[in-house]
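In order, the protein sequence lines correspond to chains A and B. Using our numbering, you'd call the opening residue of the first sequence number 1 and step up by one each time. Using our numbering, you'd call the opening residue of the second sequence number 1001 and step up by one each time. Report on one structure; see the data block that follows.
2 protein chains.
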Amino acid sequence: MTPLPRSATDEDTTDEAGGSIYERLRDDIIHGRLRANERLKVSELASRMGTSTNPVREALQQLRGEGFVIMEPNRGARVRPIDEEFVRDICEIEVLIEPALTRWFVGIVTKADVEDLERIQADIERLNFTDELAHSQLDMSFHRLMYDKHYNRHAVDLWVRHREILWAISRGFPTSLGRQANVLSEHRELLDCIKKQDAEGAAQAIGKHVEGSGRHIIERMRLSRRGH
Amino acid sequence: MTPLPRSATDEDTTDEAGGSIYERLRDDIIHGRLRANERLKVSELASRMGTSTNPVREALQQLRGEGFVIMEPNRGARVRPIDEEFVRDICEIEVLIEPALTRWFVGIVTKADVEDLERIQADIERLNFTDELAHSQLDMSFHRLMYDKHYNRHAVDLWVRHREILWAISRGFPTSLGRQANVLSEHRELLDCIKKQDAEGAAQAIGKHVEGSGRHIIERMRLSRRGH
DNA sequence: AACTTCCAGATCGTACATTATTTGTCAAGA
DNA sequence: TCTTGACAAATAATGTACGATCTGGAAGTT
Chain A
1 MTPLPRSATD EDTTDEAGGS IYERLRDDII HGRLRANERL KVSELASRMG TSTNPVREAL
61 QQLRGEGFVI MEPNRGARVR PIDEEFVRDI CEIEVLIEPA LTRWFVGIVT KADVEDLERI
121 QADIERLNFT DELAHSQLDM SFHRLMYDKH YNRHAVDLWV RHREILWAIS RGFPTSLGRQ
181 ANVLSEHREL LDCIKKQDAE GAAQAIGKHV EGSGRHIIER MRLSRRGH
Chain B
1001 MTPLPRSATD EDTTDEAGGS IYERLRDDII HGRLRANERL KVSELASRMG TSTNPVREAL
1061 QQLRGEGFVI MEPNRGARVR PIDEEFVRDI CEIEVLIEPA LTRWFVGIVT KADVEDLERI
1121 QADIERLNFT DELAHSQLDM SFHRLMYDKH YNRHAVDLWV RHREILWAIS RGFPTSLGRQ
1181 ANVLSEHREL LDCIKKQDAE GAAQAIGKHV EGSGRHIIER MRLSRRGH
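Next up, the structure:
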């Protein structure tokens, strides 16, 4: 339907290859440039992407496996809705998983780890949300440092996937000042608990952190939907 | 490498279409008929399945999205190892998720729900593990009855996926008598807590249930690996 | 022995054929 | 006249075939 509903923040895309077809489609879905339940016709996408149909079909199959598109036999693919419910759902899952990962981390944390975390946290506070991309990378490495050593790779992968989705959604949304302050204080509280070897407190802190983050994203989504 | 490593319990497969290509591949991976890290060559699979390469490629892409195969550009697909670690990982995730789902269920359970659950539980006890397939279907509907009404579809989907994987792995493995008794008593304990409106107790009961189930599957996997 | 060249084999992309579904048309009946 | 049903054409998904491109290893040269 909509001819070329790409956002204003298009860096490279002449008209063909941006990243891989998979990445472009996934990005378009997560950002809502492809509307919920919109039909995805392979030939249409192929001509838009400037390739033949086969790469598109394979990208769609991969996205189907990840749950971003829904396919019915002989009836093609549709966009799975990425709405506030969706965000709430994956945040609720993270509220369950991340405290468990964190609790375990407190048990194996080393002095060097704490120093690394404090260094990253200092960078975050110094940056103070002036650069969205840089902040998100620092925040990612802060949490990644805790989870990367975990033995449960499946849980960590799940976290990474959810995290990527949430970040893709919230990209472009501004972070409210209140949320900024909360992020910093929650990180500091988490760090304190880790240093005190208080696993339970750390788990609670990260739980609050995830919940607050989810609430903020949903709030922003609501506002932007109204603002449309 | 291995020409046709299909199990003895092959019902239909003449030599071509069993279910879809996707299902056959997925099943072969989960059951270990395709060994860990084994290379998956599209043309080889295509001739084995009796189709051209394209359907195989798409099935592989879908499996990649679900995490069952790993693909590197220009270097093809490999089987992701489905080992004891993998089972432990997804069970640990379920130990986090299922209690949360159950806790919520206790809050909205109706008289009719309890009666349904008791009916299913009675069927399970009457069957007493004489028919593996029938038992697993009853067990599935027991838990599904609790989770199907949950608002967090994403969490429930995750549960279903994990459940399918675990069931596919444990299919063919015998259930030890000790585990059989535990399954029954854990279900009864869960039912009691639900009837008493004891959400916390129910959550703990389901946690024990999942953990015990995971332990049992891993034990069986170890034995079968030795037995080879 | 190390480096280069070349070739077999596999992946990736394009084009086309087949099959299923949707859409549009037209005529018969209420 | 409006609805309804059957039938035909268009549209899109699914499957097949083939060429282009990349990788890995073997043979050959220095």
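Even for Gly, the Cβ is constructed at its ideal location relative to N, Cα and C.
Can you say whether residue i is buried or exposed, counting buried as having 16 or more other CB atoms within 10 angstroms of its CB?
i, result
"residue 1200 of chain B", "exposed"
"residue 24 of chain A", "buried"
"residue 1052 of chain B", "exposed"
"residue 1192 of chain B", "exposed"
"residue 214 of chain A", "buried"
"residue 1089 of chain B", "buried"
"residue 74 of chain A", "exposed"
"residue 174 of chain A", "exposed"
"residue 166 of chain A", "buried"
"residue 120 of chain A", "buried"
"residue 1206 of chain B", "buried"
"residue 22 of chain A", "buried"
"residue 1126 of chain B", "exposed"
"residue 155 of chain A", "buried"
"residue 1013 of chain B", "Summary for residue 1013 of chain B: the model assigns pLDDT 35, below 50, so the residue's position carries little reliability; its value from the coordinates is reported in the next sentence. Exposed, by the Cβ-count rule."
"residue 77 of chain A", "buried"
"residue 107 of chain A", "exposed"
"residue 26 of chain A", "buried"
"residue 1223 of chain B", "exposed"
"residue 1098 of chain B", "buried"
"residue 1054 of chain B", "exposed"
So the candidates are the options; which of them puts its Cα closest to the Cα of residue i?
i, options, result
"residue 169 of chain A", "A:29, A:20, A:51 and A:206", "A:29"
"residue 161 of chain A", "A:106, A:63, A:72 and A:56", "A:63"
"residue 1225 of chain B", "B:1026, B:1033, B:1139 and B:1019", "B:1033"
"residue 46 of chain A", "A:35, A:71, A:37 and A:59", "A:59"
"residue 158 of chain A", "A:123, A:187 and A:92", "A:92"
"residue 190 of chain A", "A:142, A:176, A:77 and A:173", "A:142"
"residue 1176 of chain B", "B:1134, B:1220, B:1203 and B:1020", "B:1220"
"residue 147 of chain A", "A:94, A:178 and A:124", "A:94"
"residue 1102 of chain B", "B:1202, B:1222 and B:1212", "B:1202"
"residue 178 of chain A", "A:171, A:212 and A:54", "A:212"
"residue 83 of chain A", "A:31, A:49 and A:43", "A:31"
"residue 198 of chain A", "A:125, A:223, A:109 and A:131", "A:109"
"residue 1134 of chain B", "B:1036, B:1085, B:1171 and B:1153", "B:1171"
"residue 139 of chain A", "A:69, A:76, A:124 and A:65", "A:124"
"residue 1068 of chain B", "B:1044, B:1036, B:1145 and B:1099", "B:1036"
"residue 1020 of chain B", "B:1041, B:1040, B:1044 and B:1049", "B:1049"
"residue 104 of chain A", "A:222, A:204 and A:183", "A:204"
"residue 164 of chain A", "A:42, A:39, A:66 and A:129", "A:66"
"residue 1118 of chain B", "B:1145, B:1055, B:1180 and B:1210", "B:1145"
"residue 132 of chain A", "A:195, A:71 and A:180", "A:180"
"residue 1150 of chain B", "A:149, A:151, A:129 and A:85", "A:85"
"residue 111 of chain A", "A:40, A:57, A:195 and A:227", "A:195"
"residue 128 of chain A", "A:39, A:70 and A:185", "A:185"
"residue 239 of chain A", "A:183, A:152 and A:116", "Outside the displayed range of chain A (1 to 228) lies residue 239 of chain A, so it cannot be described from this structure."
Under the three-state reduction of DSSP, which class applies to residue i: helix, strand or coil?
i, result
"residue 1065 of chain B", "helix"
"residue 1070 of chain B", "strand"
"residue 76 of chain A", "strand"
"residue 1040 of chain B", "strand"
"residue 1052 of chain B", "coil"
"residue 1128 of chain B", "coil"
"residue 35 of chain A", "coil"
"residue 1111 of chain B", "helix"
"residue 172 of chain A", "coil"
"residue 1198 of chain B", "coil"
"residue 83 of chain A", "coil"
"residue 209 of chain A", "helix"
"residue 182 of chain A", "helix"
"residue 1151 of chain B", "coil"
"residue 19 of chain A", "coil"
Proximal residues, the segment 1080 to 1094 of chain B versus chain A, C-beta separation under 9 Å:
1085, 1086, 1088, 1089, 1090, 1092 and 1093
Interface positions of the segment 1036 to 1048 of chain B facing chain A (Cβ-Cβ less than 7 Å), listed along the chain
none
Under 9 Å, CB to CB, which of the residues in the segment 54 to 69 of chain A have a partner in chain B?
54, 57, 58, 59, 60, 61, 62, 63, 64, 65, 66, 67 and 68
Going along the chain, which residues of the segment 137 to 155 of chain A sit with their C-beta nearer than 7 Å to a C-beta in chain B?
152, 153, 154 and 155
In the segment 95 to 114 of chain A, which residues sit with their C-beta less than 7 Å from some C-beta in chain B, listed in chain order?
96, 97 and 100
For the segment 165 to 185 of chain A, which residues have a CB atom closer than 8 Å to at least one CB atom of chain B, in sequence order?
none
To be precise: take each residue of the segment 189 to 223 of chain A, compare its Cβ to all Cβ atoms of chain B, and keep it if any distance is under 9 Å. Which residues remain?
none
What are the residues of the segment 1118 to 1137 of chain B that lie near chain A, defined by any Cβ-Cβ distance shorter than 9 Å?
none
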